[in-house]
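According to this note's numbering, the sequence shown holds residues 2 to 435 in order.
Think of the CB as a built atom: it goes at the ideal place given N, C-alpha and C, for glycine as much as any other residue.
Since this is a predicted model, take the numbers as computed values, not measurements.
Structure first, commentary second.
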Amino acid sequence: MNLRTLNPANHSTRSLLWTLLLLNLVIRGIWLLYMHPPQQADFEWYFTHSAQMAAGQGYVWNGHHTAYWPIGWPFILAALFRVTGVHLMAGLILNTLFSMVLVLLIYLTGVQVFHRRDVAFAAALGYSLLPSQVQWNAVLGSEESFTLLLMAALYLYVKAESLPWRRWLPWGIAGGAVLGLSCDIRPLPLLFPIGLMFYERIVGNKSWARSVGQALVFGVSMLAAVAPVTVRNRIAMGHWILVSTNGGVNLWQGTKINGGYYWSWLPWQNPLLRAKGNEILQNQIGEHVATQYILHHPLEVLKNGLIKIFDLYKIDTNAIWYTIHVTLPNSALFHIMNWFDTGVYWAFMGLAVVGLVQVFRSGWASIKDNGVYLLFVLYYTAIFLFFPAWDRFRYPIMPIYALWLGVGVFYTLHAWHNRHHSLRGGCDEALGSK
């Protein structure tokens with residue numbers, strides 16, 4: 002199987018893409034019409050605080066300016082609500098549109114990486130049919146906006162990867178700026194340029210000067226996109242806070258568990274309570290306590306971190322919890338959909354693993370084509386050695402796994418076709434010899 006053979010664009014390809022987008026519109030539209038869960042946890046926060054921002058009250062919590070959760074997604078919602086009025090459905094429709102654009106971007110990325118339109122279409126279709134990716138559209142999460150910006154940034158970077166420096170520069174700046182905007186929503190990619198530097202030197206076989214230069218341009222462009230948030234935090238809160246103040250809290254929580262969520266109101270168990278609600282001090286305490294624990298218990302951190310990564314990947318039920326469970330708690334439908342979603346997810350990931358194996362079997366050129374995307378999956382997964390993890394946090398890398406699913410589908414069908422014709426040929430030969 003050759004992953005680097007480009008199928009030419011034609012009318013039928015465009016028709017299939019329009020059909021795919023229509024399929025997404027129908028599936029996601031029906032889900033939005035059917036499912037109206039009350040917004041809870043993060044989702045309720047986003048709605049309440051974006052409504053306050055739309056009304057000109059600023060990004061505040063308990064009467065004080067806040068940066069506890071990143072301002073990016075509430076800001077987007079507030080801008081939307083200034084146009085549409087404060088309506089939950091407006092935000093849900095926006096997330097649905099983001100998801101549909103993401104499906105199209107998965108297709109374009111598949112063509113970019115594999116040079117095959119059939120593989121790219123299989124990737125986009127597979128992602129469209131993954132139940133949880135549809136179900137999340139019924140809550141006002143930041144996943145869709147963050148993931149769309151993330152994939153767009155990686156697409157821009159890879160598109161220019163082989164260009165000479167001067168031609169690479171505008172693409173690198175654009176990709177870095179887009180990834181920086183994603184950090185305004187979730188700051189997890191902030192250290193990714195470091196990985197890119199070593200990737201370009203080792204895998205890309207570029208000089209140290211070129212590798213460091215690309216990483217610097219990409220990283221500085223990211224910081225430029227983050228800077229307005231940092232300046233806002235300085236003006237509003239009187240402190241230099243890059244994006245948000247919940248990082249130290251989450252890092253400390255990650256030292257207390259090897260799966261799920263942790264919080265305690267007991268002062269002798271929770272040093273963060275000493276901050277008495279001061280989110281800046283709370284963040285500093287969390288960072289300090291967590292750093293000391295990580296430095297003094299590296300093997301324990303590694304052991305628990307691997308369990309957390311297992312939690313990140315083992316099931317696909319969080320979307321059901323925040324939709325069907327909060328609407329129909331402990332119903333038969335809730336339990337059935339838990340099993341259904343996880344079963345489809347396992348099939349999805351099984352095909353993705355098959356596809357990734359074929360990428361490596363196809364040779365060094367194919368590995369390099371996938372290299373930046375594979376690097377980000379490894380980088381993103383490794384973060385959860387330290388932070389709490391469950392299946393919701395896997396959302397941003399599922400489009401990348403969808404790319405490999407496309408290869409897995411193509412390879413599986415190709416192998417089945419060859420086996421079928423081989424068996425048929427053997428039968429014909431046996432019958433002909435009689």
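- Comparing alpha carbon positions, the residue from TRP365, ALA80, LEU141, LEU130 closest to LEU21 is LEU130.
- When rounded, the separation of the alpha-carbon atoms in THR256 and LEU17 is 48 Å.
- Straight across, the Cα-Cα distance linking TYR158 with LEU150 is about 12 Å.
- TRP62 and TYR374 have their alpha carbons spaced roughly 37 Å apart.
- Rounded to whole angstroms, THR85 and THR49 show a C-alpha spacing of 16 Å.
- Excluding sequence positions up to five before and after LEU33, its CB lies within less than 7 Å of the CB of LEU93, THR97, ASN138, ALA139, all in the same chain and listed in chain order.
- DSSP places HIS88 in the coil class of the three-state scheme, outside both helix and strand.
- The bridge partners DSSP lists for HIS289 come to none.
- Nearest neighbour of THR343 by Cα position, chosen from ILE321, ALA333, HIS326, turns out to be ILE321.
- With a beta-carbon spacing of about 6 Å, ALA121 and GLY407 fall inside the 8 Å limit used to define contacts.
- PRO194 and LEU329 have their C-alpha atoms roughly 44 Å apart.
- In this chain, the alpha helix (DSSP H) harbouring ASP43 covers 42-55.
- The C-alpha of ALA291 lies about 26 Å from the C-alpha of LYS315.
- With 16 or more neighbouring CB atoms inside 10 Å of its own CB, SER146 falls in the buried class.
- Annotation: ARG395 is outside any alpha helix (DSSP H) and is labelled neither H nor E by DSSP.
- For HIS326, the closest alpha carbon among the candidates ILE308, GLU288, ILE31, PRO39 is that of PRO39.
- If the five residues before and after ASN319 are omitted, its C-beta is found closer than 8 Å to the C-beta atoms of SER133, TRP391, ASP392, ARG393, all from its own chain and listed in chain order.
- Where ALA161 is concerned, there is no enclosing alpha helix (DSSP H), because DSSP gives it neither an H nor an E.
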